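Numbering (this note's numbering), first residue to last: 19 to 441.
Heads up, the beta-carbon is just placed ideally off N, CA and C, and yes, glycines get one too.
None of the values given here were measured: they were computed from a predicted structure.
For reference, the structure discussed in these notes is given below.
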Amino acid sequence: MNLTLVKPSPLTTPIISQLPNGLTIIAEQMPVEAVNLNVWFNVGSIVESDDINGMAHFLEHMIFKGTPRLRSGEFERLVEQRGAVTNAATSQEYTHFYITCAPKDFADLAPLQLDLVLHPSIPDDDFKKEKLVVLEEIRRSEDNPRRRTFARAMETCFNSLPYRRPILGPSNVIENLEVEQMRDFHNYWYQPQSMTVAVVGNLPVEDLTNIVAETITKNNYLPNPQKKSWQCETPFESITRYEYEDASLKQARLVMMWRVPGMRDLSETYPLDVLAAILGQGKMSRLFRDLREDRKLVSRISASNITHGVQGVFYVSAQLPKENIPEVEKAISEHILKIQTMGVAQSELNRISTQIANSFIFSSEKPSERANLYGYYYSQVGNLEPALNYPNYINALTSQDIQEVAQKYLSPSAYGIVITCPR
């Protein structure tokens with residue numbers, strides 16, 4: 019086992035271990051009476067074909083249905099008995115599972131969590147029952163106005179990249195999935211080479227690492243799974259507009275979006291993060307002050323920079339009276355144009371950068387938050403440097419950096435827009 023000490027930073031000094039089978043273990047001792055185990059797999063909806071869209075999320079559910087060693091529900095019962103907590107999540111790029119427990123219970127519970135993810139039984143009966151649960155989750159998602167709006171926006175933003183598809187999958191696909199398809203999917207993708215384990219808590223790093231390593235090295239695995247290589251889509255060349263009616267709404271929804279760099283070009287995402295905060299994050303942001311507080315054209319407005327693996331989305335959304343849509347769309351474009359032509363005052367940049375950097379640091383104070391941070395960055399970009407130095411990158415940005423990224427990626431006259439109005 020090769021141990022690598024990550025360059026010390028104000029945030030942390032975790033230890034990275036690489037096992038011969040390809041598994042990465044990231045461990046850090048933290049003086050808090052808890053231990054968090056975060057298990058990340060580089061498998062999400064992006065690896066699915068259209069005919070199995072939703073499989074990764076469905077499999078996340080089935081992981082908890084037992085193994086040859088654990089009956090269905092036994093893991094949750096043992097976790098609850100120890101006062102621990104466990105859960106999981108699926109995204110486009112990854113699926114991750116986590117457990118937080120007392121340090122004294124880690125050696126007992128961690129191997130069980132690892133057994134679940136690597137050796138699920140995926141029983142026929144539970145597969146049929148859980149399919150109904152997933153279908154109900156899809157139905158609830160489709161009944162949610164915010165999620166419907168987001169889904170339509172992603173379909174508009176991407177023509178070919180799988181980010182245009184729902185992570186949960188469509189009902190007609192889930193209904194037709196077979197249990198053997200899921201077993202094959204798991205056998206192919208859930209391999210140590212696609213796996214990052216981040217573990218943080220109040221045990222020596224050697225103990226944290228060895229408990230994980232001893233569990234994983236007892237098994238033999240298949241060769242490294244291969245992902246399809248995706249290409250970024252070109253920027254919008256004009257305004258691509260879609261309009262819908264929705265009887266459940268009381269106010270209209272407006273979403274404007276631009277295709278921007280993802281984690282393949284991580285350095286470009288930092289100024290976009292700051293630009294999103296300047297425009298639409300918090301009560302001091304430009305869009306909030308202008309369109310909600312001063313002109314009272316919207317009831318809600320926000321901006322975010324959504325960073326996917328291949329390509330990201332700069333996303334501005336508003337809730338507003340239908341009659342205000344043309345004025346609000348124009349105003350958002352004018353705010354972007356103003357930043358492109360006049361830049362950002364240093365005082366505003368300093369305030370926003372400090373907020374973003376401090377929020378990042380404050381959100382890494384618990385073992386669960388720290389392990390989540392390590393697992394996410396290492397599984398997605400292959401190293402921890404961006405996680406350790408994110409605040410430094412944000413604080414080093416200049417007004418020119420923000421202006422240039424706005425000019426480069428956010429055209430005021432070429433973007434995708436989705437409008438949904440009440441009937």
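Where the alpha helix (DSSP H) containing residue i begins and where it ends
i	result
tyrosine 411	403 to 413
glutamine 418	417 to 427
phenylalanine 124	124 to 136
valine 230	223 to 234
valine 152	142 to 160
asparagine 105	Asparagine 105 -> not in any alpha helix (DSSP H); beta strand (DSSP E) instead, spanning 103 to 108.
Cβ separation of residue i and residue j, assumed to be a contact under 8 Å, to the nearest whole Å
i	j	result
proline 385	threonine 118	7 Å
alanine 432	phenylalanine 254	4 Å
leucine 153	glutamate 193	7 Å
arginine 388	valine 218	5 Å
glutamate 263	arginine 441	5 Å
glutamine 364	serine 417	6 Å
methionine 73	proline 138	About 13 Å; that fails the 8 Å criterion.
Beta-carbon contacts of residue i that lie in its chain and below 8 Å, excluding the five residues immediately before and after
i	result
leucine 415	Tyr288, Pro289, Val292, Leu367, Ser371
glutamate 92	Gly84
tyrosine 208	Phe59, Val61, Val135, Leu136
glutamate 51	Ala120, Pro121, Asn220
glutamate 198	none
Contact test: residue i Cβ vs the ligand SAH heavy atom, cutoff 8 Å
i	result
isoleucine 370	This structure does not include the ligand SAH; it has no bound ligands of any sort.
Closest residue to residue i among the options (Cα-Cα distance)
i	options	result
asparagine 323	Ala270, Val399, Val423	Val423
leucine 315	Met360, Glu286, Val346	Val346
alanine 106	Phe115, Glu98, Gln99	Phe115
tyrosine 112	Arg182, Ser212, Glu160, Ile354	Ser212
threonine 233	Arg183, Val135, Ile437, Gln398	Val135
glycine 434	Asp126, Ala389, Val331, Ile357	Val331
aspartate 442	Asn190, Ile34, Phe176	Residue 442 lies beyond the range of the chain shown here (19 to 441); nothing can be said about it.
glutamine 249	Asn376, Ala231, Val151, Asp283	Asp283
serine 320	Gln421, His326, Arg307	Arg307
histidine 75	Leu195, Leu267, Gln299	Leu195
isoleucine 296	Glu155, Ile420, Ile343	Ile420
isoleucine 437	Pro344, Leu428, Tyr427	Pro344
asparagine 390	Asn56, Pro49, Ala270	Asn56
alanine 231	Lys426, Gln425, Asn39	Asn39
glutamine 36	Thr227, Gln425, Lys246, Arg100	Thr227
asparagine 71	Asn413, Gln425, Gly400, Arg183	Arg183
serine 303	Arg369, Ser285, Thr258	Arg369
arginine 259	Arg170, Pro188, Val223, Leu77	Arg170
methionine 48	Ile412, Asn342, Asp225, Phe145	Asp225
Own chain partners of residue i with C-beta closer than 7 Å, once the 5 adjacent residues on each side are dropped
i	result
serine 27	Confidence at serine 27 is low in this model, with a pLDDT of 41, below 50, so the placement of that residue should be treated as unreliable; the coordinate-derived value is given next. Within the same chain, serine 27 has close Cβ partners Leu406, Asn407.
valine 24	Annotation note: pLDDT 41 at valine 24 (below 50); position unreliable, coordinate value reported separately. Once the five neighbours on either side are set aside, the close Cβ partners of valine 24 are Thr31, Pro32, Ile34, Leu402, Leu406.
leucine 179	Trp248, Glu251, Val328, Gln329
asparagine 177	Glu251
isoleucine 350	Met274, Leu305, Val334
serine 266	Pro163
glycine 280	Thr325, His326, Gly327, Val328, Gln329, Gly330
arginine 87	Asp133
leucine 130	Leu88, Phe93, Leu96
serine 159	Arg165, Leu186
Cβ neighbours of residue i in the same chain (closer than 6 Å, five flanking residues each side left out)
i	result
isoleucine 229	Ala125, Ala128
threonine 16	Since the first and last residues shown for the chain are 19 and 441, residue 16 lies out of range.
threonine 22	With a pLDDT of only 43 at threonine 22, under the threshold of 50, the placement of this residue in the model should not be trusted, and no figure is reported.
alanine 294	Ala321, Ser322, Asn323
lysine 340	Ala270, Cys439
Counted within 10 angstroms of its Cβ, other Cβ atoms place residue i as buried (16 or more) or exposed
i	result
threonine 174	buried
methionine 360	exposed
glutamate 46	buried
asparagine 410	exposed
aspartate 143	exposed
asparagine 20	Model confidence at asparagine 20 stands at a pLDDT of 41, short of 50, so the residue's coordinates are unreliable and nothing is read from them.
glutamine 110	buried
glutamine 337	buried
leucine 186	buried
valine 379	Note that residue 379 is isoleucine in the sequence shown, not valine. With fewer than 16 Cβ atoms within 10 Å of its Cβ, isoleucine 379 is classed as exposed.
glutamine 244	exposed
glutamine 299	buried
serine 382	buried
lysine 147	exposed
arginine 313	exposed
lysine 301	exposed
Run of the beta strand (DSSP E) containing residue i, from where it starts to where it stops
i	result
methionine 360	Looking at the DSSP string, methionine 360 is not in any beta strand (DSSP E); the run it does join, the alpha helix (DSSP H), is 343 to 360.
asparagine 60	Per DSSP, asparagine 60 belongs to no beta strand (DSSP E) and is neither H nor E.
isoleucine 437	434 to 439
tyrosine 395	From DSSP, tyrosine 395 is part of no beta strand (DSSP E) but of the alpha helix (DSSP H) over 385 to 399.
glutamine 329	329 to 338
glutamine 444	Residue 444 lies beyond the range of the chain shown here (19 to 441); nothing can be said about it.
glutamine 36	33 to 36
tryptophan 276	270 to 279
histidine 114	113 to 119
methionine 213	213 to 219
Interface flag, residue i vs chain D, CB-CB below 9 Å
i	result
phenylalanine 76	Of the chains in the structure shown, none is chain D; there is only one protein chain.
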